[in-house]
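Visitor: Take a look at the following structure, please.
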Amino acid sequence: GENVEQHPSTLSVQEGDSAVIKCTYSDSASNYFPWYKQELGKRPQLIIDIRSNVGEKKDQRIAVTLNKTAKHFSLHITETQPEDSAVYFCAASGASNTGKLIFGQGTTLQVKP
Amino acid sequence: DAGVTQSPTHLIKTRGQQVTLRCSPISGHKSVSWYQQVLGQGPQFIFQYYEKEERGRGNFPDRFSARQFPNYSSELNVNALLLGDSALYLCASSLEGGNQPQHFGDGTRLSIL
């Protein structure tokens with residue numbers, strides 16, 4: 001069945017360091033891969049997304065890379081700041097363009113000042 | 001512009017009861033998706049509606065149903081509530097249906113006693 005595996009489950013970095021979160025998806029038909037940031041008690045916030053016809057996308061300190069052959073994609077955050085601390089979720093689109101997003105289990109990122 | 005709005009914010013029900021949750025999408029968005037988020041996990045897809053038609057359905061029992069109105073707002077109904085239905089119910093809107101960027105509301109916290 002459709003599945004997204006996300007690693008690590010927790011990540012602690014020092015302020016200014018980089019953070020990398022990795023996800024693997026199972027359905028080769030997936031073609032849309034968003035990343036969400038969810039702070040405690042708040043809504044998931046879309047921070048960046050990538051489509052399968054692109055290998056990499058950047059937005060300021062955030063970048064996402066996609067390897068379709070290996071069926072994995074990663075989130076890279078550079079120059080981390082304490083306000084980057086949150087739970088990050090990757091997601092992959094389900095088959096048949098139904099709007100279904102399959103989410104990973106989440107990564108709790110802690111940025112220590 | 002207002003984001004996705006959901007009501008109520010919190011709800012307490014007992015087993016066997018029925019509940020209706022409401023969602024208003026971002027102005028101009030024609031598609032609404034519903035997700036269930038259990039504490040400590042990623043959201044799970046329930047439905048997507050686009051132009052008042054069901055576009056996608058996740059792996060949830062028939063106790064879960066939804067509809068979309070001409071103004072693109074949506075309701076999620078859950079019948080015969082079980083303890084396991086306790087969760088945060090998130091609504092997300094997108095410009096169109098299918099694999100488009102989805103923007104979440106703050107959710108409705110449903111507790112079943």
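As given, the protein sequences belong to chains W and F, one line each in that order. Read in order, the letters of the first sequence correspond to residues 1 to 113 in this note's numbering. Read in order, the letters of the second sequence correspond to residues 1 to 113 in this note's numbering. Here a beta-carbon is modelled for each residue, glycine too, at the ideal position from N, C-alpha and C. Please read all numbers here as calculations on a predicted model, not as lab measurements.
(1) Please state the DSSP three-state secondary structure of F:G84.
(2) Under the DSSP definition of a beta bridge, which residues are partnered with F:T20?
(3) Enumerate, from N- to C-terminal direction, the unbroken beta strand (DSSP E) stretches of 3 or more residues contained entirely within the segment 37-70 of chain W.
(4) Find the residues of chain F that neighbour W:N31, judging by a C-beta separation of less than 7 Å, and give them in chain order.
(5) Quick check on DSSP: helix, strand or coil for W:E28?
(6) Using 8 Å as the limit for Cβ to Cβ distance, is F:G28 near chain W?
(7) So, is W:P8 buried or exposed, given that buried needs 16 or more other C-beta atoms within 10 angstroms?
(8) Using 8 Å as the threshold, is the segment 3-23 of chain F in touch with the segment 95-107 of chain F, meaning 3 or more CB pairs across them?
(9) Taking a contact to mean a Cβ-Cβ separation below 8 Å, would you say W:E79 touches W:R61 in this structure?
(10) State the beta-bridge partners of W:K112 as determined by DSSP.
(11) Using a cut-off of 7 Å between C-beta atoms, extract the partners of F:H103 located in chain W.
(12) In its own chain, which residues sit with a C-beta less than 6 Å from the C-beta of F:G56, not counting the 5 before and 5 after it?
(13) Check whether the Cβ atoms of W:A19 and W:L101 sit closer than 8 Å, and answer yes or no.
(14) Please tell me whether W:T65 has its Cβ less than 8 Å away from any Cβ of chain F.
(15) Please report whether the beta-carbon of F:F45 lies at a distance below 8 Å from any beta-carbon of chain W.
(16) Let me make sure I understand the geometry here. Which of W:T24, W:S30, W:D17, W:Q45 has the alpha-carbon closest to that of W:F73?
Guide: Taking the definition as stated:
(1) By 1-based counting over the second sequence, the position of residue 84 of chain F is 84. In this structure, F:G84 counts as helix in the three-state DSSP scheme.
(2) The residue labelled residue 20 of chain F in the question sits at position 20 within the second sequence. Answer is F:N77, bridged to F:T20.
(3) The segment 37-70 of chain W contains these whole beta strand (DSSP E) runs: 45-51, 56-59, 62-67.
(4) Numbered from 1 along the first sequence, position 31 holds the residue referred to as residue 31 of chain W. Contact of W:N31 with chain F by beta-carbon distance below 7 Å involves N99.
(5) In the first sequence, counting from the first residue as 1, residue 28 of chain W sits at position 28. The amino acid at residue 28 of chain W is misidentified as Glu; the sequence shows Ser. Assignment of W:S28 by DSSP, reduced to helix, strand and coil, places it in the coil class.
(6) Start at 1 with the first residue of the second sequence, and residue 28 of chain F comes out as number 28. Interface with chain W (8 Å Cβ-Cβ cutoff): F:G28 is excluded.
(7) The residue labelled residue 8 of chain W in the question sits at position 8 within the first sequence. Burial call: exposed.
(8) Yes: at least three Cβ pairs fall under 8 Å.
(9) Stepping through the first sequence from its first residue, residue 79 of chain W is reached at position 79. Stepping through the first sequence from its first residue, residue 61 of chain W is reached at position 61. A contact, by the Cβ cut-off of 8 Å.
(10) Taking the first residue of the first sequence as 1, we reach residue 112 of chain W at position 112. DSSP links W:K112 through a beta bridge to W:Q14.
(11) The sequence position of residue 103 of chain F within the second sequence is 103, counting from 1. Neighbours of F:H103 on chain W, chain order: L46.
(12) If you number the second sequence from 1, residue 56 of chain F lands on position 56. Excluding positions up to five away in sequence, the list reads Q48.
(13) If you number the first sequence from 1, residue 19 of chain W lands on position 19. If you number the first sequence from 1, residue 101 of chain W lands on position 101. Not a contact, by the Cβ cut-off of 8 Å.
(14) Your numbering for residue 65 of chain W matches position 65 in the first sequence. With 8 Å as the cut-off, W:T65 does not count as an interface residue toward chain F.
(15) Residue mapping note: residue 45 of chain F aligns to position 45 of the second sequence, counting from 1. Chain W, which has a Cβ nearer than 8 Å to the Cβ of F:F45, makes this yes.
(16) On the first sequence, position 73 is the one that residue 73 of chain W refers to. Looking at the Cα atoms, W:T24 is the closest of the given residues.
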